[in-house]
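Input: a single structure, listed below in structure tokens.
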Amino acid sequence: MGFLICQGVNAPDADKLSSGYKTEGSSINGIISADLMGKLAEGFIDLVDDPVFFLLELAREDSDGYDIYYLDNCTKEVAHAIMERYGELLIQDGLSRFGFGSNSSEEELYFMDYQEFMIYTQKTKAAEKLLGGLGIQKTAKPDSMWEHFSEAAPGSLSSVEVEGETVYDIPDALEEAGMYRYEEE
Numbered sequence: 002m003g004f005l006i007c008q009g010v011n012a013p014d015a016d017k018l019s020s021g022y023k024t025e026g027s028s029i030n031g032i033i034s035a036d037l038m039g040k041l042a043e044g045f046i047d048l049v050d051d052p053v054f055f056l057l058e059l060a061r062e063d064s065d066g067y068d069i070y071y072l073d074n075c076t077k078e079v080a081h082a083i084m085e086r087y088g089e090l091l092i093q094d095g096l097s098r099f100g101f102g103s104n105s106s107e108e109e110l111y112f113m114d115y116q117e118f119m120i121y122t123q124k125t126k127a128a129e130k131l132l133g134g135l136g137i138q139k140t141a142k143p144d145s146m147w148e149h150f151s152e153a154a155p156g157s158l159s160s161v162e163v164e165g166e167t168v169y170d171i172p173d174a175l176e177e178a179g180m181y182r183y184e185e186e
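Residue numbers (the numbering used here): 2 to 186.
Printed below as a string of structure tokens:
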């Protein structure tokens, strides 16, 4: 199967892309097909040390900035439940960014704009094994949608609705579980 674009992502030449990553020290950076994002998140949750956090960045409507939300100190079961409940919405939405990490070891998986991802971990061999198991190849220079943009064919990101919900509904839905908006001091 080819490279699948998220519903909220519009990019030229998507058929020329392939999932791939590069490793530099404790950082792994790459691009990922939409159909692999959930599997990577689930595998990463299993890889990191408890407790786990969930991170959600939502684009502000009134500016170029983002509101950042956290749900800290979760069990892995709670993190998996978040993916079960909201995974499709998180994956398909183009404007939001999200990730999971460990509150105890500073490890983190972060899904960014245009289906790029970043992993920070001391367990690079285990993370590379996870990526390889998903068919994501290590390469000297992973593809990037940014390289295909031009004035005539720009990319764009948009918010989507899945089963009547948007990513903007998630913070309120998880507030009772402890999700909070990060406030800069």
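Virtual Cβ for every residue (Gly too), placed ideally from N, Cα, C.
Query - Inter-stretch contact at 8 angstroms, needing at least 3 Cβ pairs: the region 142-160 / the region 7-19 - result: yes
Query raised in the report: On the three-state DSSP scale, how would you describe Q116?
Result: helix
Query raised in the report: For S103, which residues of its own chain have a beta-carbon under 8 angstroms away from its beta-carbon, when the five flanking residues on both sides are left out?
Result: Here the set comprises V49, D50, D51, P52, V53, F54 and E109.
Query raised in the report: Where DSSP assigns a beta bridge to K139, which residues make up the other side?
Result: Within the DSSP secondary-structure output, K139 pairs in a beta bridge with Y22.
Query - Selected residue, minimal CA-CA separation from F101, among Y111, Q93 and Q138 - result: Y111
Query raised in the report: Considering only C-alpha positions, which residue in the set K142, K77 and E25 is nearest to E43?
Result: K77
Query - Length of the line joining the Cα atoms of Y71 and K40 - result: 21 angstroms
Report task. Would you list the one or two residues that DSSP bridges to C7? Result -> Partner(s): none; C7 has no beta bridge.
Query raised in the report: From what residue to what residue does the alpha helix (DSSP H) around F1 run?
Result: Missing from the structure shown is residue 1; the chain here goes from 2 to 186 and no further.
Query raised in the report: Considering only the beta carbon of each residue, do L37 and I137 sit closer than 8 angstroms?
Result: yes
Query raised in the report: Could one say the Cβ of I46 lies closer than 8 angstroms to chain B's Cβ atoms, at least one of them?
Result: Here chain B cannot be found, since the structure has a single protein chain.
Query raised in the report: What's the C-alpha gap between L135 and E162?
Result: Taking the straight line from one Cα to the other gives about 27 angstroms.
Query raised in the report: Does the distance from the CB of L131 to the CB of F45 come in under 8 angstroms?
Result: yes
**Report entry** Top-ranked residue by Cα proximity to S28, from Q123, S160 and A178
**Finding:** Q123
Query - Whole alpha helix (DSSP H) elements within the region 58-95, 4-residue minimum - result: 77-93
Requested in this report: Identify, in the order they occur along the chain, each residue of the same chain with its Cβ nearer than 7 angstroms to the Cβ of R61, setting aside the five sequence neighbours on each side.
Outcome: Y67 and D68
Query raised in the report: Should R98 be labelled buried (16 or more other beta-carbon atoms within 10 Å of its own) or exposed?
Result: That one is buried.
**Report entry** For G102, the three-state DSSP class (helix, strand or coil)
**Finding:** Three-state DSSP puts G102 in a strand.
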